[in-house]
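Participant: As you go down the protein sequences, you meet chains G and L in turn. Reading the first sequence from the start, the letters are residues 0 to 284 in numbering that gives the first Met the number 0. Reading the second sequence from the start, the letters are residues 0 to 327 in numbering that gives the first Met the number 0. Using N, Cα and C, we set each Cβ at its ideal position, and we do this for glycine too. Keep in mind the model is a prediction, meaning the values are calculated, not measured. Following this message is one structure expressed as structure tokens.
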Amino acid sequence: MGLFGIYLANGIVVGSAYVLAAIGLTIIFSIMRIVNFAHGECYMMGAYMAWLVVTRLVSNFWLGLFLAVLGGALMGYLIERFAFRPIYKTPGLSQFIISLGLVIMLQELSIISFTGLTQTMPSAYPTVRRIGNFVITDQRILVVGMAAVLVVAILLFFKRTKTGKAMRATAQNKLASSMMGINASRMASLAFLGGVGIAAVAGALLAPIFALTPTMGGRLTGLCFIIIVIGGMGSIGGAIIVGYTLGITESLFSAYVSTKWSFMLVFLMLMLILKFRPRGLFGRD
Amino acid sequence: MRSFMRKKGFKYLIGIAVGVAAPFLLGLAGTYWVHILVIVVIFANVAVSLNLIMGYTGQINLGHIAFFGIGAYTTALLMLRLDVSFWVTLVAGGMLAVILSFILGYISLGLRGIYFALATFAFLMVVGFLLINFDTFTGGARGLFGIPHPSIGGFVFEPTNRLAWFYLAFVFLLFTIFIVDRVLNSRVGRAFIAIREDEELAKSTGINTTMYKVLSFGVSAFLAGVAGGIYVAYMGAITPADCAILPTLLVIAMCAIGGMGTMLGPILGAVVVQLLPELLRPIREYYYFTFGFMIVLITIFAPEGIMGAITSLQARLTARGSKEDVRV
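Structural data, given as structure tokens:
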């Protein structure tokens with residue numbers, strides 16, 4: 000039971016990161032119809048920014064987290080304004096090439112500024128809690144708790160606030176919403192600012208738990224695609240359910256069955272879902 | 000029609016002349032540049048074959064490099080483990096790529112837009128994980144190395160003999176162009192254009208859209224598979240990273256930067272994408288960052304690629320008729 004509990008908790012920890020990152024990607028997709036292949040790199044930059052603050056400036060986890068969010072949001076704003084905005088009117092292929100350029104730029108940026116070596120960030124809350132033979136560090140509890148708070152905050156933002164409703168309206172119909180006086184290009188800025196900011200939070204939250212490498216984002220980009228397709232493109236609720244499920248399944252499958260086949264099976268599942276139910280499990284047409 | 004054919008023949012002759020002369024001109028700058036040229040031509044093959052799917056059917060295929068990888072691994076394994084002749088393994092790699100293209104076709108044919116792109120991406124990932132996970136067979140993440148040098152009638156293609164490799168890859172590029180040209184200038188090509196413009200209408204006029212899509216997948220997979228075989232025999236090694244998402248996006252960038260839906264575009268794109276990082280090397284650790292930056296700039300300022308820029312420049316210079324007239 001103890002071991003099972005640990006695997007389950009691990010799954011929820013990585014699932015929290017998946018959920019946050021996938022929500023970021025799905026916000027950008029639903030409002031902009033842009034599939035940003037550099038999303039994982041934004042996550043990576045968030046982790047490195049937190050690492051930079053904590054190991055080089057002041058060793059305060061919360062300040063690192065805060066500055067990583069600010070940095071991520073700024074990065075998202077700049078990416079939208081200067082890379083994607085000029086190509087909205089050109090054919091769909093351009094966005095892939097722009098993403099490619101961004102992947103290269105962000106990976107290189109992290110190699111130039113943080114060296115290409117694997118880095119680890121000291122945990123701010125290394126205390127280990129024991130409940131029977133179940134063990135967990137405070138850091139992990141913090142990740143899960145913070146992610147849950149953020150997810151609820153994001154849901155409330157889209158349900159309750161005027162800006163959130165305006166963003167949803169733009170996602171549904173850009174033309175109609177702009178006729179109602181919603182500034183579409185401001186919504187685009189907000190989507191990227193928020194979407195990339197959330198990815199950066201995920202990176203910063205997980206930075207004390209996993210090692211940091213400049214290429215750590217690629218895997219996450221793939222996983223985020225899986226989550227938002229299975230959850231239904233543009234569905235935040237779907238991203239939450241699938242994100243946690245994927246994290247837990249991955250952890251249990253790796254522990255009890257096989258580590259090396261788990262990812263391949265996930266992508267195989269993505270192919271089959273696209274074939275037989277392309278709108279995802281929770282998506283509407 | 001005849002003058003059109005003559006014009007085309009003329010273009011081919013110029014192309015061949017440029018190709019034959021290129022390694023000598025670049026060779027003056029050092030053999031390293033001939034090596035880059037070999038890589039350019041091999042990837043031009045991949046880009047031209049991808050263009051058959053992307054440029055003429057308008058679908059974004061992120062799985063194309065998987066075919067390149069399958070061809071490369073087939074060639075490498077058959078040569079390493081079974082000592083099969085290189086020329087046989089090339090065809091075998093191409094054929095295996097065709098078989099896999101039918102699987103990708105089965106999955107993705109009903110899908111469009113972003114969903115098609117994601118299905119092909121998933122296919123790429125699955126193939127990548129298979130290559131990593133069957134490690135006793137494929138060498139896992141470290142890949143395969145020490146692939147023997149191919150030979151023909153006593154002549155051995157040594158990797159140091161860059162010129163021989165260049166001409167081998169170049170002859171194959173001519174073959175690829177010929178095949179793609181034949182496909183496009185036949186009923187098949189016209190069917191492609193009809194499908195790209197309006198699939199429902201194409202279907203209703205009796206075009207078997209599924210068959211044509213499967214066919215185009217097969218042809219382009221075969222060409223990419225053979226290109227992979229040539230690549231692996233030249234480099235003497237292959238890793239799963241050579242057939243992952245980054246090279247995929249690079250080949251797509253070649254098509255887009257050169258100009259999609261044209262024959263010359265992907266070739267020019269391959270030259271730009273492979274040569275640019277080399278030219279940027281003097282700025283040391285910033286060179287690859289600058290390369291990424293330039294890809295973004297080119298995409299923003301020339302969204303239809305070099306060929307599109309040339310066309311609109313021509314239109315502005317001759318200034319007769321509107322831009323639209325010339326572009327059609």
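1) According to a CB-to-CB cut-off of less than 9 Å, which residues of the stretch 291-309 of chain L neighbour chain G?
2) Quick one: give me the first and last residue of the alpha helix (DSSP H) that Val-127/G is part of.
3) For a minimum of 3 consecutive residues, which ranges assigned as the beta strand (DSSP E) are wholly contained in the stretch 131-163 of chain G?
4) Closer than 8 Å, CB to CB, is Gly-221/G near chain L or not?
5) Taking DSSP as the reference, what is the three-state secondary structure of Val-155/L?
6) Is there a Cβ of chain L sitting closer than 8 Å to that of Val-34/G, yes or no?
7) From what residue to what residue does the alpha helix (DSSP H) around Trp-32/L run?
8) Using 10 angstroms around the beta-carbon of Ile-282/L, count the other beta-carbons present and answer buried if the total reaches 16, otherwise exposed.
9) Apply the 10 Å Cβ neighbour rule to Glu-196/L and answer buried if 16 or more other Cβ atoms are within range, or exposed otherwise.
10) Can you list, in chain order, the residues of its chain whose CB lies under 6 Å from that of Val-13/G, leaving out five sequence neighbours each side?
11) Give me the chain G residues within the contact set of Glu-284/L, using Cβ-Cβ distance strictly less than 9 Å, ordered along the chain.
12) Under the assumption that Tyr-6/G contacts Ala-254/G (Cβ atoms under 8 Å), give the Cβ distance between them as a whole number of angstroms.
13) Return no unless some Cβ of chain G is closer than 8 Å to the Cβ of Ser-311/L.
14) Report the neighbours of Val-97/L on chain G: residues whose CB is nearer than 8 Å to its CB, in chain order.
15) The ligand COA heavy atoms versus the CB of Gln-106/G: any closer than 7 Å?
16) Return the CA-CA distance between Thr-54/G and Glu-199/L, expressed in angstroms with no decimal places.
17) Applying the 10 Å Cβ sphere with the 16-neighbour rule, what's the burial state of Asp-241/L?
18) Give the list of continuous alpha helix (DSSP H) stretches no shorter than 4 residues that lie fully inside the stretch 260-307 of chain L.
19) Since Leu-129/L meets chain G, which of its residues come closer than 9 Å, beta carbon to beta carbon?
20) Output, in sequence order along the chain, the residues in the stretch 46-76 of chain G whose CB is closer than 8 Å to any CB in chain C.
21) Could you tell me whether the Cβ atoms of Ile-227/G and Ala-238/G are closer together than 8 Å?
22) Output the distance between the C-alpha atoms of Phe-177/L and Arg-80/G, rounded to the nearest integer angstrom.
23) May I have the straight-line CA-CA distance separating Arg-280/L from Met-120/G, to the nearest angstrom?
24) Kindly give me the distance between the Cβ atoms of Thr-160/G and Ala-183/G, rounded to whole angstroms, as I take these residues to be in contact under 8 Å.
25) Starting from Thr-94/G and walking both ways along the alpha helix (DSSP H), at which residues does that stretch end?
26) In chain L, which residues lie with their C-beta within 7 Å of the C-beta of Ile-86/G?
27) For Tyr-114/L, would you say it is in contact with chain G, using Cβ-to-Cβ distances shorter than 8 Å as the test?
28) Counting only beta-carbon atoms, is Ile-235/G nearer than 8 Å to chain L?
29) Taking its Cβ as the centre, do 16 or more other Cβ atoms sit within 10 Å of Asp-284/G, making it buried, or is it exposed?
30) Alpha carbon to alpha carbon, how far is Tyr-114/L from Leu-273/G?
31) Over the uninterrupted alpha helix (DSSP H) stretch that includes Phe-60/G, give me the two end residues.
32) CB-CB under 8 Å to Leu-278/L, same chain, minus the five flanking residues each way: which ones, in chain order?
33) The alpha helix (DSSP H) that contains Cys-41/G, what's its start and end?
34) Could you give the residue range of the alpha helix (DSSP H) that holds Asp-134/L?
35) Just to check my reading of the structure: Leu-89/L and Val-83/L have Cβ atoms closer than 8 Å, yes? What is that Cβ distance to the nearest angstrom?
36) Quick one: which residues of the stretch 68-100 of chain L get their C-beta closer than 9 Å to a C-beta of chain G? List them in chain order.
Facilitator: Answer, in terms of the structure:
1) Gly-291, Phe-292, Met-293, Ile-294, Val-295, Leu-296, Ile-297, Thr-298, Ile-299, Phe-300, Pro-302, Glu-303
2) It is not in any alpha helix (DSSP H) - Val-127/G instead sits in the beta strand (DSSP E) that spans 127-130.
3) 133-136
4) yes
5) Three-state DSSP puts Val-155/L in a strand.
6) yes
7) In this chain, the alpha helix (DSSP H) harbouring Trp-32/L covers 30-56.
8) Exposed, since its Cβ has fewer than 16 Cβ neighbours within 10 Å.
9) exposed
10) Gly-246
11) Glu-107, Ile-110, Ile-111
12) Between Tyr-6/G and Ala-254/G, the beta carbon gap of about 5 Å places them in contact (Cβ cut-off 8 Å).
13) no
14) Against chain G, the beta carbon of Val-97/L has no neighbour under 8 Å; the closest one sits roughly 19 Å away.
15) Among the components of this structure there are no ligands whatsoever, and the ligand COA is therefore not found.
16) 59 Å
17) buried
18) 263-279, 286-300
19) Met-263
20) Among the chains of the structure shown, chain C does not appear; the protein chains present are G and L.
21) yes
22) 43 Å
23) 33 Å
24) That belief does not hold up - the Cβ atoms of Thr-160/G and Ala-183/G are roughly 18 Å apart, past 8 Å.
25) Sequence check: residue 94/G is Gln here, not Thr. Counting along the chain, the alpha helix (DSSP H) containing Gln-94/G begins and ends at 92-113.
26) Thr-298, Ile-299, Pro-302
27) yes
28) no
29) Model confidence at Asp-284/G stands at a pLDDT of 48, short of 50, so the residue's coordinates are unreliable and nothing is read from them.
30) Distance between the alpha carbons of Tyr-114/L and Leu-273/G is about 7 Å.
31) First-last of the alpha helix (DSSP H) with Phe-60/G: 60-77.
32) none
33) Counting along the chain, the alpha helix (DSSP H) containing Cys-41/G begins and ends at 38-51.
34) 134-137
35) About 10 Å; that fails the 8 Å criterion.
36) none
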